[in-house]
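K.L.:
What follows is a single structure, and I will ask about it in a moment.
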Amino acid sequence: MVGDTGDYGQARRAESGHRAVAQEDEVRIEAWAASRENCLAEAVVAMVECFADVSGVRPTGAGRIRLYEASDDDLLACLLDEVLYRLQEDGQVPVDVEADEAAGGLDVRLAVARLDDVRVTGPVPTAVAWEELRIGPGPYGWSCAVTVDG
């Protein structure tokens, strides 16, 4: 039913989008799009917006993430984990994300900037929680929900 909290944006399906809700030491991310790949990309954008304002930031590099076919839940968790790893180890923040299905998996392209070049607006997430993680198709496209610890 439209308006239920379980809709995860499904009533707005002509487009893709995301939202995040802060809860104590974590943030609940919800994303939606017409395809699985675009939904995954929206989840990355939502996670970045939890801690940084990247509007107007020009990318200074590019990155690629190749994930091999697993369950959709695994793809969501692994993609967000990889983004967090690159953030923590290399100081790279995605400012634009594209994801495409590839033979045997998922191909993700990131336009990145240095963490020093973005305005940090909140605590940087440290982990992806597996509890209540979900991604799947619905009547209007794909939606996902995941909690990141901060």
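For the sequence shown, counting from 1, position 11 maps to 11 in full-length UniProt numbering; every step adds exactly one.
From the three backbone atoms N, C-alpha and C, an ideal C-beta is built for every residue, glycine too.
(1) Is the CB-CB distance between Val95 and Val54 below 9 Å?
(2) For a quick check, are the C-beta atoms of Ile65 and Asp100 less than 9 Å apart?
(3) Taking 9 Å as the cut-off, decide whether the C-beta atoms of Val93 and Val112 are in contact.
(4) Tell me the rounded alpha-carbon separation between Arg19 and Ala103.
(5) Would you grab the beta carbon distance between Trp142 and Ser35 for me? Rounded to a whole angstrom, and I think it's under 8 Å.
(6) Determine the burial state of Ala62: buried for a count of at least 16 other Cβ atoms within 10 Å of its Cβ, exposed for fewer.
P.N.:
With the given structure in hand:
(1) Val95 is a Cβ neighbour of Val54, given a cutoff of 9 Å.
(2) Going by C-beta atoms, Ile65 is not nearer than 9 Å to Asp100.
(3) Yes, the Cβ-Cβ distance between Val93 and Val112 is below 9 Å.
(4) Arg19 and Ala103 have their alpha carbons spaced roughly 30 Å apart.
(5) Rounded to whole angstroms, the Cβ separation of Trp142 and Ser35 is 6 Å, and the two are in contact under 8 Å.
(6) By the Cβ neighbour-count rule, Ala62 is exposed, with fewer than 16 other Cβ atoms within 10 Å of its own.
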